[in-house]
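Asks: Numbering (my numbering), first residue to last: 514 to 601.
All C-beta atoms in this analysis are idealised placements derived from N, C-alpha and C, irrespective of residue type, glycine included.
Given the structure is predicted, the values throughout are model-derived calculations rather than measurements.
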Amino acid sequence: MDGFELKRLNNEGHMAPLQYIREKASFPKVPKHIMARGQARWSEDLREIIDTAISTATLVEVAMSYVSQTRALYQQVQHRSGTRQSSQ
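1) How many angstroms separate the CA atom of Ser568 from the CA atom of Gly551?
2) Could you tell me the distance, in whole angstroms, from the CA atom of Val580 to the CA atom of Arg554?
3) What is the rounded straight-line gap between the Cα of Glu561 and the Cα of Glu574?
4) To the nearest angstrom, how far is it from the Cα of Thr583 to the Cα of Ala566?
5) Output needed for Ala570: all residues of its chain with C-beta closer than 6 Å, excluding positions within five of it in sequence on either side, in chain order.
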């Protein structure tokens, strides 16, 4: 027996039945308002994470678009300079 269970013993060393039943019945339950508050807070955190992920993905997509545009311009310049060098 651990210290928590010893506290529930009466003077003769027996557990008080009503106290034991009351503790067992109420211990695992969480009040609904606390559960609702936790769920609302978790939902807000999840929404924030999703919004951040979406905005980050958008920034990455914009950056990748700029990279591909820059790469295309670079290839055009290389092609034009290669054409000029071969004609000279």
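Replies: If we stick to the structure as given:
1) What you label residue 568 is simply residue 55 of the sequence shown in a count that begins at 1. What you label residue 551 is simply residue 38 of the sequence shown in a count that begins at 1. About 26 Å.
2) Taking the sequence shown and counting its residues from 1, one reaches residue 580 at position 67. Taking the sequence shown and counting its residues from 1, one reaches residue 554 at position 41. Val580 and Arg554: Cα-Cα distance of roughly 39 Å.
3) Residue 561 sits at position 48 when you count from the first residue of the sequence shown. Residue 574 sits at position 61 when you count from the first residue of the sequence shown. Cα to Cα, the separation comes out at about 20 Å.
4) On the sequence shown, residue 583 is found 70 positions in, with the first residue counted as 1. On the sequence shown, residue 566 is found 53 positions in, with the first residue counted as 1. Approximately 25 Å between the Cα atoms of the pair.
5) One-based indexing of the sequence shown puts residue 570 at position 57. Hits under 6 Å: none found.
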